[in-house]
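Chains P and X supply the protein sequences, listed in that same order.
So in our numbering, spot 21 of the first sequence is number 21, and the numbers just go up one at a time.
So in our numbering, spot 52 of the second sequence is number 1052, and the numbers just go up one at a time.
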Amino acid sequence: MRSFGTPEFLFMLGAARWTVALSLIAYLGGGALGLVLAFMRVSGNRLANGFARAWILLFQCTPLLMLLFLVFFGLALTGYGQNAYFAVTVALSCYAGAYFGEIWRGAIEAVPQGQWQASAALGFTRVEQFRHVIVPQSMRIAIPPTVGFMVQVVKNTSLASIIGFQELTQASQFVNNLTFQPISVYLVAAAIYFILCFPLTLLSRRLEKRLHVDRPSPVAA
Amino acid sequence: MAYTFQFGAVLASLDLLVKGAWLTVQLSVAAMLAGLAFGTLFAVLRVFGGRWAGLAIGTYVECIRNTPFLIQLFLIYFGLPSAGIALDPVEAALIGMSVNCAAYTTEIIRSGIMAIPRGQIEAARALAFSTTDIIRHIVLFPALRVAAPALGSQFVLVMLGSSVVSTVSAEELTAIGHVLETETFRPFEVYIIVTLIYLAIAFALKLLFAWLDQAWFSRRGKV
């Protein structure tokens, strides 16, 4: 029987690249989708708003694992075979998109009404209002929770292991099956995830302090 | 896409699905209650318990919040037996979910405590309240009221996250889905039905938490 040593550790570290890659894919796909959803929510168009609302509600109330299964098996029905890579990409993007969309909608709506009215009074078109007045201000509000949610995405890429995608969790299961040292193997896996996530957590907290968007104190003023 | 959907085979096993869903609900509610109890305790200890308690709880919270639930579950289910503590899948799932949930609730309730105006606590000290009295009469209720909406969303996430415990073969809803999938060879239909059941549970929980929030926290005026 093999024991848990440097080669096994390096194997897990190599698989962690996929954890990072999957997270980046989810940020890109989810970010693009989230942007569309957020703007649909604040567009003022009832149909677009309703659609985005339904999307967000649906995907926030579905386990990510079910989403992975549905895309994974649904894709097989179309005759393209079972492709874990594609399934994980689509499912993580849909999932992250719903949360990003909701975070960014909140940030856009948190910009005071007066800013809209003032810019309208200055003759800005709606696009110009977004571009020059609303979005720059909502960015400060949006960044800390966005970074916070990015931590969730890194952790949730671990679910990809369940449909057979070889990232960090799958690799640790593999190593555990070889070495039968579950405590060391999974503690090391946990440590790698921690090293990936904790800097983001700290960053999110620092940004929150720096951008002064801490919850307004009830004793203020 | 030439595919005929056949839900008949899946719906024939509805009793199994209901049984799985019931275990999901039981596990989730137990984890929520444990999370609420320990979360409240830890949050209070973290704020009022002095330096070492604060440090220990802070470490626990960060470790849980920055690692995936799946890995925590594997450590409990596969790791503990090699340390001499054997657990059956449902016990492992329950412990894993509670330990995980408590870390998040600790952080949520702590931010509720931090939102309490310092003046109130100072005023209570000036009136010679002991720390225990301050926690009981000044801190807990307003903190929970501030935390309630976030706690509600966190509890829905706990329920959704319970689907992961199927990996340690706890026979909850997702695991039943696996069984039906191999029996019927209709994975897509199976997981559509399972997803619909999860949606139903999630919506029911959302309504329940909105109602509880209203019933417990709304009539007593604003903070």
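All C-beta atoms, glycine included, are put in the ideal place defined by N, C-alpha and C.
Remember, predicted model here, so these are calculated numbers, not experimental data.
Worksheet entry | Secondary structure of residue 219 of chain P, DSSP reduced to three states | Unreliable positioning characterises residue 219 of chain P in this predicted model, as indicated by a pLDDT of 39, which lies under 50. The coordinate reading is nonetheless provided below. Coil, per DSSP.
Item to complete: Flag this pair as yes or no: are the beta carbons of residue 130 of chain P and residue 1067 of chain X separated by less than 8 angstroms?
Response: Against a cut-off of 8 angstroms, the Cβ pair of residue 1067 of chain X and residue 130 of chain P comes out as no contact.
Worksheet item: In chain P, which residues lie less than 9 angstroms from residue 1188 of chain X when you measure between Cβ atoms?
Response: Correct list: 69, 70, 73, 74, 76, 77.
Practice prompt. Evaluate residue 181 of chain P with the Cβ neighbour count: other Cβ atoms within 10 Å of its Cβ, from every protein chain shown; 16 or more gives buried, anything less gives exposed.
Written response: Buried, because 16 or more other Cβ atoms sit within 10 Å of the Cβ of residue 181 of chain P.
Discussion item. Quick check on residue 1075 of chain X: does DSSP put it in helix, strand or coil?
Written reply: Residue state, collapsed to three classes: helix.
Worksheet item: Would you call the CB atoms of residue 1005 of chain X and residue 1193 of chain X closer than 8 angstroms?
Response: No.
Worksheet item: Could you give the distance in angstroms between the alpha-carbon of residue 87 of chain P and the alpha-carbon of residue 1212 of chain X?
Response: Put simply, the backbone Cα of residue 87 of chain P is about 38 angstroms away from that of residue 1212 of chain X.
Fill in: Under 7 angstroms from the C-beta of residue 1100 of chain X: neighbouring residues of chain P
Within 7 angstroms Cβ-Cβ: nothing; residue 1100 of chain X doesn't reach chain P, min ~11 angstroms.
Discussion item. Strictly below 9 angstroms CB to CB, what residues from chain X border residue 151 of chain P?
Written reply: Correct list: 1065, 1066.
Worksheet item: Within 10 angstroms of its Cβ, does residue 26 of chain P collect 16 or more other Cβ (buried), or is it exposed?
Response: With a threshold of 16 other beta carbon atoms within 10 Å, residue 26 of chain P meets it and is buried.
Worksheet entry | Contact between the region 44 to 59 of chain P and the region 112 to 119 of chain P (3+ Cβ pairs under 8 angstroms) | With the cut-off at 8 angstroms, the region 44 to 59 of chain P and the region 112 to 119 of chain P do not touch.
Practice prompt. Closer than 8 angstroms by C-beta to residue 1065 of chain X: which residues in its own chain qualify, once you throw out the five before and the five after it? Chain order, please.
Written response: Non-local beta-carbon contacts of residue 1065 of chain X in its own chain, meaning distances under 8 angstroms to residues more than five positions away in sequence, involve 1103, 1104, 1107 in chain order.
Worksheet item: Beta-carbon separation of residue 1116 of chain X and residue 1143 of chain X under 8 angstroms?
Response: Yes, the Cβ-Cβ distance between residue 1116 of chain X and residue 1143 of chain X is below 8 angstroms.
Worksheet item: Count the other CB atoms within 10 Å of the CB of residue 1018 of chain X; is the residue buried (16 or more) or exposed (fewer)?
Response: Result: exposed.
Worksheet item: Are there 16 or more other CB atoms within 10 angstroms of the CB of residue 1 of chain P, so buried, or fewer, so exposed?
Response: Flag for residue 1 of chain P reads exposed.
Worksheet item: Near residue 18 of chain P, what residues of its chain come up, given a Cβ to Cβ distance below 6 angstroms and the 5 sequence neighbours on each side ignored?
Response: Result list for residue 18 of chain P: 167, in chain order.
Worksheet item: Does the beta carbon of residue 1107 of chain X come closer than 8 angstroms to any beta carbon on chain P?
Response: Taking Cβ atoms only, chain P never reaches closer than 8 angstroms to residue 1107 of chain X, which makes this a no.
Fill in: chain P contact for residue 1141 of chain X (CB, 8 angstroms cutoff)
Taking 8 angstroms as the CB threshold, residue 1141 of chain X stays off the interface with chain P.
Discussion item. Please state the DSSP three-state secondary structure of residue 1 of chain P.
Written reply: Residue 1 of chain P: coil per DSSP, three-state reduction.
Practice prompt. Using the Cα positions of residue 1201 of chain X and residue 34 of chain P, report the straight-line distance between them to the nearest angstrom.
Written response: Roughly 25 angstroms between the two C-alpha positions.
Worksheet item: Helix, strand or coil: how does DSSP classify residue 34 of chain P here?
Response: If DSSP states are grouped into helix, strand and coil, residue 34 of chain P belongs with the helices.
Item to complete: Would you mind sorting residue 1195 of chain X into buried or exposed? The rule is 16 or more other CB atoms within 10 Å of its CB.
Response: Classification for residue 1195 of chain X: buried.
Worksheet item: Cα-Cα, which of X:1203, X:1049, X:1120 is closest to residue 1153 of chain X?
Response: The residue with the shortest Cα to Cα distance from residue 1153 of chain X is X:1203.
Discussion item. By the DSSP assignment, the alpha helix (DSSP H) with residue 1088 of chain X in it spans what residues?
Written reply: No alpha helix (DSSP H) contains residue 1088 of chain X, which DSSP labels as neither H nor E.
Worksheet item: By how many angstroms is the C-alpha of residue 175 of chain P removed from the C-alpha of residue 1164 of chain X?
Response: Each residue's alpha carbon lies about 20 angstroms from the other.
Fill in: Simplified DSSP assignment, three categories, for residue 94 of chain P
In the structure shown, residue 94 of chain P sits in a helix (DSSP, three-state: H, G or I).
Worksheet entry | Interface flag, residue 163 of chain P vs chain X, CB-CB below 8 angstroms | By this cut-off, residue 163 of chain P is not an interface position.
Discussion item. Once the 5 residues before and after residue 197 of chain P are set aside, which same chain residues still bring their CB inside 6 angstroms of it?
Written reply: Cβ within range, chain order: 151, 154.
Worksheet item: What separation, rounded to the nearest whole angstrom, lies between the Cα atoms of residue 169 of chain P and residue 1087 of chain X?
Response: Put simply, the backbone Cα of residue 169 of chain P is about 21 angstroms away from that of residue 1087 of chain X.
Practice prompt. Would you list, in chain order, the members of the region 170 to 182 of chain P that have their beta-carbon closer than 9 angstroms to a beta-carbon of chain X?
Written response: If the cut-off is 9 angstroms between Cβ atoms, the region 170 to 182 of chain P has 172, 173, 176, 180, 181, 182 near chain X.
Practice prompt. Could you run through the region 1062 to 1091 of chain X and flag, in chain order, every residue whose CB is less than 9 angstroms away from some CB of chain P?
Written response: Taking 9 angstroms as the cut-off between beta carbons, the residues of the region 1062 to 1091 of chain X near chain P are 1062, 1063, 1065, 1066, 1067, 1068, 1069, 1070, 1071, 1072, 1074, 1075, 1077, 1078, 1079, 1080, 1081, 1082, 1083, in sequence order.
Discussion item. Check whether the region 1035 to 1042 of chain X and the region 1093 to 1103 of chain X touch, using three or more Cβ-Cβ pairs below 8 angstroms as the test.
Written reply: Taking 8 angstroms as the limit for Cβ pairs, the verdict is that the region 1093 to 1103 of chain X does touch the region 1035 to 1042 of chain X.
Worksheet item: Which whole runs of the alpha helix (DSSP H) in the region 156 to 213 of chain P are 4 residues long or more, in chain order?
Response: As far as the region 156 to 213 of chain P is concerned, its whole alpha helix (DSSP H) runs of at least 4 residues are 168 to 179, 182 to 210.
Worksheet item: Do you know offhand how far residue 149 of chain P's Cα is from residue 100 of chain P's?
Response: Rounded to whole angstroms, residue 149 of chain P and residue 100 of chain P show a C-alpha spacing of 8 angstroms.
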